[in-house]
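Here's the structure we're looking at; comments come further down.
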Amino acid sequence: MQLLEDRIRRDGVVKSADVLKVDAFLNHQMDVALFDAMAREWWRLFSDRPINKILTIEASGIGIAAIAARCFGVPVVFAKKSQSINLDGTVYATRIQSFTHGKVFDVIVSTRYIGEDDHVLIIDDFLANGCALNGLIEICENAGATVEGIGIAIEKGFQGGGDALRERGYNLQSLAVIESMDPKTGEIVFRA
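One rule links them: number in the numbering used here = place in the sequence shown (from 1) + 826.
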């Protein structure tokens, strides 16, 4: 998606060969007009699927998932990274290693919100090694839900997570796939 790639080039900051800072428009300050364009692109890519839920993970994926859900006319469910006192009943749970935070999180989704009748589109802001997505897929599998597709804003293609998921047969559509980043020059090379 050229609009997103242009924005990454203009406002993204290459912190190291594997860390890209996009908090000016994606995951701290949010450019809702850009999110609208991204949601319309995911709608174009996945509108032929019988999606009735969008699933994401707390916290950075929530904004883009909510805008995408408006295009699809379905609710968003987000996996929580911590148990809260107002989450009652049974839950699906898994453990996810976060590339960004360098920590392992227990993530949970109430069994009330994902089930065997659900056809899920997973949406997230970043894809590096695929741990978060594998955790969300595991939750869907445990619930008996069908993963209809995966929509990612920015994939770091050089870290292999997206290619591994595609090899497993998932319809994974990333709007911008980065092949390499140079922290010295700030250059970002996108997959053609």
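All C-beta atoms, glycine included, are put in the ideal place defined by N, C-alpha and C.
Check	Outcome
Considering only C-alpha positions, which residue in the set Val839, Cys957, Ala894 is nearest to Ile877?	Ala894
Quick check on Asp951: buried or exposed, where buried means 16 or more other Cβ atoms within 10 Å of its Cβ?	buried
Nearest by alpha-carbon distance to Glu1013: which of Met827, Gly838, Leu830, Gln828 is it?	Gly838
Going by DSSP in three states, Arg970 sits in which element: helix, strand or coil?	At residue 970 the sequence reads Gly, which differs from the Arg that was named. Here Gly970 sits in coil by DSSP.
Please go through the same chain and pick out, in chain order, the residues whose beta-carbon is closer than 8 Å to the beta-carbon of Ile880, but skip the five residues on each side of it.	Ala891, Ala894, Ala895, Phe898, Val900, Pro901, Val902, Val903, Val946, Leu947, Ile948, Ile949
Taking the alpha-carbon positions, what's the Ser936 to Thr882 distance?	13 Å
What do you reckon, are the CB atoms on Met827 and Leu1001 nearer than 7 Å?	yes
Looking only at DSSP bridge pairs, what is Val930 linked to?	Gln923
Among Leu852, Gly975, Tyr918, which one has its Cα closest to the Cα of Arg875?	Gly975
With burial defined as no fewer than 16 other Cβ atoms inside 10 Å of the residue's Cβ, what is the status of Ala954: buried or exposed?	buried
Secondary structure at Phe851, three-state DSSP: helix, strand or coil?	coil
Per DSSP, which one or two residues make a beta bridge with Leu860?	Bridge partners of Leu860: none, in fact.
Going by C-alpha to C-alpha distance, which of Lys841, Ala905, Asp862 sits closest to Ile963?	Ala905
For Gly983 and Thr1011, I'd like the C-alpha separation in whole angstroms.	19 Å
Can you tell me where the beta strand (DSSP E) holding Ile1004 begins and where it ends?	998-1007
Does the Cβ-Cβ distance between Val930 and Gln923 come in under 7 Å?	yes
With a Cβ-Cβ cutoff of 7 Å, do Gly987 and Gly956 count as a contact?	yes
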